[in-house]
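Here's the structure we're looking at; comments come further down.
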Amino acid sequence: MRSREEMLQAVNYDEAKVPQFVVPSPLQKADGSTVRNAAEWVNFQRPRVLEMFRREVYGESLPRPDRCSFQLLSCQPDAYLGLATRKEIRLQFEMVDGKTHSAEMLLYLPNQATAPVPAFLGLCFKGNHVTSSEKEVRITGQNYPGNQDLGEDKRGLQAERWQFPEVLKRGYAAATLCYHDFFPDHANGWQRSALSLFYAQPDSPAVRARHTAIGVWAWGLSRALDCLEAEPGVDARRVAVHGHSRLGKTALWAGAQDPRFRLVISNDSGCGGAAMSKRCFGENLEIITSVFPHWFVTSFAQYARREAELPFDQNFLVSLQAPRAVCIASASEDLWADPRGEFLSGAYAGEVYRLFGAEVYSPAQMPAPGGRLSGLVSYHLRAGKHDQTWEDWQHYLELGDRFLK
Ligand code: GTR
Numbered sequence: 120m121r122s123r124e125e126m127l128q129a130v131n132y133d134e135a136k137v138p139q140f141v142v143p144s145p146l147q148k149a150d151g152s153t154v155r156n157a158a159e160w161v162n163f164q165r166p167r168v169l170e171m172f173r174r175e176v177y178g179e180s181l182p183r184p185d186r187c188s189f190q191l192l193s194c195q196p197d198a199y200l201g202l203a204t205r206k207e208i209r210l211q212f213e214m215v216d217g218k219t220h221s222a223e224m225l226l227y228l229p230n231q232a233t234a235p236v237p238a239f240l241g242l243c244f245k246g247n248h249v250t251s252s253e254k255e256v257r258i259t260g261q262n263y264p265g266n267q268d269l270g271e272d273k274r275g276l277q278a279e280r281w282q283f284p285e286v287l288k289r290g291y292a293a294a295t296l297c298y299h300d301f302f303p304d305h306a307n308g309w310q311r312s313a314l315s316l317f318y319a320q321p322d323s324p325a326v327r328a329r330h331t332a333i334g335v336w337a338w339g340l341s342r343a344l345d346c347l348e349a350e351p352g353v354d355a356r357r358v359a360v361h362g363h364s365r366l367g368k369t370a371l372w373a374g375a376q377d378p379r380f381r382l383v384i385s386n387d388s389g390c391g392g393a394a395m396s397k398r399c400f401g402e403n404l405e406i407i408t409s410v411f412p413h414w415f416v417t418s419f420a421q422y423a424r425r426e427a428e429l430p431f432d433q434n435f436l437v438s439l440q441a442p443r444a445v446c447i448a449s450a451s452e453d454l455w456a457d458p459r460g461e462f463l464s465g466a467y468a469g470e471v472y473r474l475f476g477a478e479v480y481s482p483a484q485m486p487a488p489g490g491r492l493s494g495l496v497s498y499h500l501r502a503g504k505h506d507q508t509w510e511d512w513q514h515y516l517e518l519g520d521r522f523l524k
């Protein structure tokens, strides 16, 4: 294996040096023929592509625990000066053999609502208290030993990424949970992960070979959606799942596995998310699989520096969202995540969306910074850095108005 320095030196940021490659088609069947209609995609090819991503990228799916209960920890009917009701809910998972695991949801419901509302759901990096400017939000993220983000001074630090008041004013509920609650994000996070519900030794080589942190985080999003289904104020048939960066990869995988998500949003998800691996632009498989070995199954690492041999690419992952709405967002200065590669996976997923009669954007339509393309497959390129900002949210809320209302 090369040293990290050598790997970083080899990173390509030059469009002229992107290797020529044949774009693999999600419609190509095992026998070489092509899927011709939506029924064939849904009943035959989609399950095959999903299975391939489980085996080669994100690991096996996990079942629901034997028992899930949702315990109300707090309820503040006067949150954000009366704009919303703030609830905190413990998702308690139990197995018949006595194993347990839990996670805590922060949920805001707009007080103006007269009927159940659509919702935006996403995992957060640092803890629920970091997403909200409200000082009473419970501190979460303790499942990551040594987490630096648990202090009072960290409250609200990433509130801009969440834009709760704006989301609420537009008539949506907003929910988040800390991803560490499901799988602490480090290479030794297995033991404290939700995999402990299903395995006596979640850090054994056999479990590591079959599961991944991204897989467990995506499972957590589905369990959070179960919780929203039990919440009378939310219409759980109209939920958008969103995520930034590694959590954008996770949102795409959650959307692929769980068709209940109506709108799937990938914010700057990059390598192993929306970006095409075969372009080898910015972060590549060699780096991501060695720096974050717990994110992907080991078979994905075998394609490091052999991306040309991949029988699929991330356009397949975007295709798995069809015919539901999907949005891919990039930031112009976020070259590490390869904005053009993120854009292209949406364009190349178009052939699957077209089976459903959708109008899709073409590979020639990459917008300039500030530009957006809106449709069942949407894309925008925000000017600026790797982040999730109000500008990103403006597009997401517009898509929500179109696809969730
Ligand atoms: C980086 C990683 C990216 C992206 C990012 C993030 O270190 O290389 O793939 O996931 O972290 O999640 O912020």
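Residues in the sequence shown are numbered consecutively from 120, following our numbering. The beta-carbon is built from N, C-alpha and C at its ideal position, and this holds for glycine as well.
Which residues does DSSP pair with ARG501 in a beta bridge?
Here the question's residue 501 lines up with position 382 in the sequence shown. The partner list for ARG501 (beta bridge, DSSP) reads ALA450.
For MET120, does the count of other Cβ atoms within 10 angstroms reach 16, so buried, or fall short, so exposed?
Along the sequence shown, read from residue 1 onward, the residue named residue 120 stands at position 1. Exposed, by the Cβ-count rule.
Taking the alpha-carbon positions, what's the ALA487 to LYS504 distance?
Locating residue 487 in the sequence shown gives position 368, where the first residue counts as 1. Locating residue 504 in the sequence shown gives position 385, where the first residue counts as 1. For ALA487 and LYS504, the distance between alpha carbons rounds to 15 Å.
If we ignore side chains and look at the alpha-carbon of each, how far apart do GLN267 and PHE475 end up?
Locating residue 267 in the sequence shown gives position 148, where the first residue counts as 1. Locating residue 475 in the sequence shown gives position 356, where the first residue counts as 1. Using only the alpha carbons, I get a separation of about 47 Å.
Between the stretch 142-156 and the stretch 403-413, are three or more C-beta pairs nearer than 8 Å?
Counting Cβ pairs under 8 Å, fewer than three are found: no touch.
What is the DSSP secondary structure of PRO229, counted as helix, strand or coil?
Looking up residue 229 in the sequence shown gives position 110. Under the three-state reduction of DSSP, PRO229 is assigned to strand.
Could you round the C-beta distance between ARG289 and LEU516 to whole angstroms and report it? I think they count as a contact, below 8 Å.
Counting from one through the sequence shown, the residue named residue 289 turns up at place 170. Counting from one through the sequence shown, the residue named residue 516 turns up at place 397. That pair is a contact at about 5 Å.
For the alpha helix (DSSP H) holding ASP511, just list the boundary residues, first then last.
Taking the first residue of the sequence shown as position 1, residue 511 is located at position 392. From DSSP, the alpha helix (DSSP H) with ASP511 extends over 509-522.
Who are the Cβ neighbours of HIS514 in its own chain at under 8 Å, not counting the five residues just before and after it?
Indexing the sequence shown from 1 puts residue 514 at position 395. Closer than 8 Å at the Cβ level, and outside the excluded window around HIS514, lie CYS446, ALA448, ARG491, SER493, SER497, HIS499.
Is SER364 close to the ligand GTR? I mean its beta-carbon at under 7 Å from any heavy atom of the ligand.
Position 245 of the sequence shown, counting from 1, holds the residue named residue 364. Yes.
How many whole angstroms separate the CB atoms of SER418 and GLU175, which I take to be in contact at a CB cut-off of 8 Å?
On the sequence shown, residue 418 is found 299 positions in, with the first residue counted as 1. On the sequence shown, residue 175 is found 56 positions in, with the first residue counted as 1. Contact holds; Cβ gap of about 5 Å.
Using a threshold of 7 Å, is the CB atom of GLU402 nearer than that to any non-hydrogen atom of the ligand GTR?
Counting from one through the sequence shown, the residue named residue 402 turns up at place 283. Yes, the Cβ of GLU402 comes within 7 Å of a heavy atom of the ligand GTR.
Does at least one heavy atom of the ligand GTR sit under 7 Å from the Cβ of GLY334?
Walking along the sequence shown from the start, residue 334 turns up at place 215. If you check the C-beta of GLY334 against the ligand GTR, you find no heavy atom less than 7 Å away.
According to DSSP, simplified to helix, strand and coil, what is GLN433?
Here residue 433 is taken as the residue at index 314 of the sequence shown, counted from 1. Note: GLN433 maps to helix in three-state DSSP.
When you compare each of SER341, GLY265, PRO321, ASP272 to LEU296 by their alpha carbons, which one comes out closest?
Counting from one through the sequence shown, the residue named residue 296 turns up at place 177. Residue SER341 is the option with its Cα nearest to LEU296.
For HIS361, tell me which candidate among PRO229, ARG205, LEU181, CYS243 has the shortest Cα-Cα distance.
Within the sequence shown, numbered from 1, the residue matching residue 361 stands at position 242. Nearest of PRO229, ARG205, LEU181, CYS243 to HIS361, Cα basis: CYS243.
Can you determine whether any heavy atom of the ligand GTR sits closer than 7 Å to the C-beta of CYS390, and answer yes or no?
Translated into the one-based positions of the sequence shown, residue 390 becomes position 271. Yes, since a heavy atom of the ligand GTR falls inside the 7 Å radius drawn around the Cβ of CYS390.
Please list, in chain order, all residues of the same chain as MET171 whose beta carbon is under 8 Å from its beta carbon, the five residues on each side excluded.
Against the sequence shown, residue 171 aligns to sequence position 52. Correct list, in chain order: PRO430, PHE431, PHE435.
Report yes or no: do three or more beta-carbon pairs, one from the stretch 216-228 and one from the stretch 309-321, lie closer than 8 Å?
yes
Output the boundary residues of the beta strand (DSSP E) element that contains ILE384.
By one-based count along the sequence shown, residue 384 stands at place 265. 382-386 is the extent of the beta strand (DSSP E) around ILE384.
By Cβ distance below 6 Å, which residues in the same chain neighbour MET395 in space, the five residues on each side in sequence not counted?
Locating residue 395 in the sequence shown gives position 276, counting from the first residue. Same-chain partners within the cutoff: ASP432, GLN433, GLY460, LEU463, SER464.
Flag this pair as yes or no: are the beta carbons of ALA292 and VAL236 separated by less than 8 Å?
Start at 1 with the first residue of the sequence shown, and residue 292 comes out as number 173. Start at 1 with the first residue of the sequence shown, and residue 236 comes out as number 117. Contact: yes.
Considering only the alpha carbon of each residue, which of LEU495, THR508, GLN507 lies closest to LEU523?
Here residue 523 refers to the residue found at position 404 of the sequence shown. Per the Cα distances, LEU495.
List the residues that DSSP assigns as beta-bridge partners of ARG186.
Here residue 186 refers to the residue found at position 67 of the sequence shown. Beta-bridge pairing links ARG186 to GLU213.
Going by the beta-carbon positions, is the gap between TYR472 and ALA441 smaller than 8 Å?
If you number the sequence shown from 1, residue 472 lands on position 353. If you number the sequence shown from 1, residue 441 lands on position 322. Their beta carbons are under 8 Å apart, which means TYR472 touches ALA441 by this criterion.
Return yes when at least one heavy atom of the ligand GTR lies under 7 Å from the C-beta of ILE407, else no.
Residue 407 sits at position 288 when you count from the first residue of the sequence shown. Because some heavy atom of the ligand GTR lies under 7 Å away, the Cβ of ILE407 counts as near it: yes.
How many Å lie between ALA164 and LYS148 at the Cα?
In the sequence shown, counting from the first residue as 1, residue 164 sits at position 45. In the sequence shown, counting from the first residue as 1, residue 148 sits at position 29. Inspection of the sequence shows that residue 164 is occupied by Gln rather than by Ala. Their Cα atoms are separated by approximately 7 Å.
Which residue from THR233, LEU439, ALA238 puts its Cα closest to that of ALA393?
Residue mapping note: residue 393 aligns to position 274 of the sequence shown, counting from 1. Closest option to ALA393, Cα to Cα, is LEU439.
Report the start-end ranges of each beta strand (DSSP E) in the stretch 300-364 that is 3 residues or longer and not cut off at the edges.
353-363
Ends of the beta strand (DSSP E) at VAL236?
Translated into positions along the sequence shown, residue 236 becomes position 117. Here the beta strand (DSSP E) through VAL236 covers 236-243.
Looking at ALA238 and VAL383, is the spacing between their C-beta atoms short of 8 Å?
As a working mapping, residue 383 is identified with position 264 in the sequence shown. As a working mapping, residue 238 is identified with position 119 in the sequence shown. No. Outside cutoff.
For GLN190, which residues of its own chain have a beta-carbon under 7 Å away from its beta-carbon, when the five flanking residues on both sides are left out?
The residue you call residue 190 lines up with position 71 of the sequence shown. So the list reads ILE208, ARG209, GLN211, once near-sequence residues are dropped.
Can you tell me the Cα-Cα spacing of ALA306 and ALA332, whole angstroms?
Reading the sequence shown from its first residue, position 187 is the one you call residue 306. Reading the sequence shown from its first residue, position 213 is the one you call residue 332. One C-alpha to the other measures close to 9 Å.
Spatial neighbours of TRP509 within its chain, please: C-beta separation below 8 Å, excluding the five flanking residues on both sides.
Stepping through the sequence shown from its first residue, residue 509 is reached at position 390. Annotation for TRP509: GLU279, GLN282, GLU285 place their beta carbon closer than 8 Å to its own, counting only its chain and skipping 5 residues before and after.
For the beta strand (DSSP E) that LEU276 lies in, which residues bound it at each end?
In the sequence shown, the residue the question calls residue 276 occupies position 157. Note, LEU276: premise wrong, no beta strand (DSSP E); not H, not E.
Compare the Cα-Cα distances from ALA370 to each of ASP506, VAL437, TYR480 and report the closest residue.
As a working mapping, residue 370 is identified with position 251 in the sequence shown. Selection ASP506, VAL437, TYR480 evaluated against ALA370 yields VAL437 as nearest (Cα-Cα).
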